[in-house]
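Heads up, the thing below is written out as structure tokens.
Numbering (the numbering used here), first residue to last: 152 to 221.
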């Protein structure tokens, strides 16, 4: 699977880490730890792509750079 950018940031209000894939609009997940958020975003990313394929929607290409912000 292509490598997409993944951003992780801490939400102090909810006390969770929120992960997102900017190239895949609306693809987000969260976890109580950074590791959990990263695991969950990988699942969300696969489901996002699978759903787009099933619906015949275009799948954006990954950005040139892959990064994880913590």
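All residues carry an ideal CB built from backbone N, CA and C; glycine is no exception.
Alpha helix (DSSP H) runs wholly inside the region 164-213, at least 4 long, in chain order: Those alpha helix (DSSP H) runs which fall completely within the region 164-213 and span 4+ residues are 185-205.
Rank 160, 177 and 213 by C-alpha distance to the C-alpha of residue 185 and give the top, closest one. It is 160 whose Cα lies nearest to the Cα of residue 185.
Closest residue to residue 164 among 171, 177, 183 and 157 (Cα-Cα distance): Nearest C-alpha to residue 164: 183.
What separation, rounded to the nearest whole angstrom, lies between the Cα atoms of residue 204 and residue 162? Pairing residue 204 with residue 162, the inter-Cα distance amounts to about 31 Å.
Could you tell me which residues DSSP puts in a beta bridge with residue 161? Per DSSP, the beta-bridge partners of residue 161 are 168.
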